[in-house]
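Everything below concerns the one structure shown next.
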Amino acid sequence: AVAERLRALAPHAPQLQVTVTPAPPERLDGGSAPAAWTGLTVWGITGIARPERMRALLERSGARGAGWSAFRDHHSLSAAELAAATRAAAQSNAVPVTTGKDAARLALRGAMPEGWMVLRIRVDVTGGWEALVESVTSP
23 AVAERLRALA PHAPQLQVTV TPAPPERLDG GSAPAAWTGL TVWGITGIAR
73 PERMRALLER SGARGAGWSA FRDHHSLSAA ELAAATRAAA QSNAVPVTTG
123 KDAARLALRG AMPEGWMVLR IRVDVTGGWE ALVESVTSP
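Sequential numbering of the sequence shown, starting at 23, is according to our numbering.
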């Protein structure tokens with residue numbers, strides 16, 4: 023949908039094609055983490071515009087979603103919300119998982135909840151790179 027809108031607005035502009043995949047799990051508290059998301063039961067906690075994308079990415083990666091605590095975009099979790107999400111995950115025998123964006127907000131506050139995982143994404147360019155470079159380097 024986005025690609026079609028961009029083509030309509032700027033039909034001659036080069037466009038990159040990318041794939042988005044999850045990076046291996048990391049623990050916010052620096053502890054050891056599993057090598058992959060496959061088989062993990064997770065409880066997603068996020069304040070991003072489209073939390074369903076986090077859910078879809080985790081599920082495509084082989085994780086099973088036990089539940090979700092989704093907040094409005096740019097929401098900064100309070101101590102009470104952190105505690106409630108941690109309890110909800112524990113009651114579901116799930117690992118609490120947040121996004122890299124939300125993890126950065128937690129780190130700024132010095133809140134690195136024990137046992138929480140962070141879902142970071144990898145973006146790989148699969149096409150269009152040469153055309154983009156050509157467009158910005160040509161006279």
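C-beta: ideal position from N, C-alpha, C; glycine also. Note that this is a predicted model, so its numbers are computed, not measured.
The beta carbon of glutamine 37 sits closer than 7 Å to the beta carbons of Ala25, Leu28, Gly150 from its chain, once the five residues preceding and following it are set aside; these are given in chain order. In the three-state reduction of the DSSP assignment, arginine 94 falls in the coil class, being assigned neither a helical nor a strand state. In terms of CA proximity to glutamate 74, Gly89 leads the group Met139, Gln113, Val158, Gly89. Rounded to whole angstroms, alanine 107 and proline 46 show a C-alpha spacing of 22 Å.
With a cutoff of 8 Å on beta-carbon distance, leucine 79 and proline 44 are scored as near each other. Annotated three-state conformation of alanine 126 is helix, per DSSP. Cβ-Cβ distances below 8 Å link arginine 77 to Gly66, Gly87, Trp90 in the same chain, with the five nearest sequence neighbours on each side left out; the list follows chain order. With at least 16 other beta carbons inside 10 angstroms of its own, valine 117 counts as buried. For aspartate 146, the closest alpha carbon among the candidates Ala30, Gly52, Ala32, Val40 is that of Val40. Look at alanine 153 here: in three-state DSSP terms it is helix. In this structure proline 135 is buried. Its beta-carbon is surrounded by 16 or more other beta-carbon atoms within 10 angstroms. Annotated three-state conformation of threonine 60 is coil, per DSSP. If you draw a straight line from the Cα of aspartate 95 to the Cα of glutamate 152, it is about 34 Å long.
Check the Cα spacing between glycine 52 and each of Pro161, Gly137, Ser160, Glu156: the tightest is with Gly137. The residue among Thr159, Met139, Pro161 with its C-alpha nearest the C-alpha of threonine 63 is Met139.
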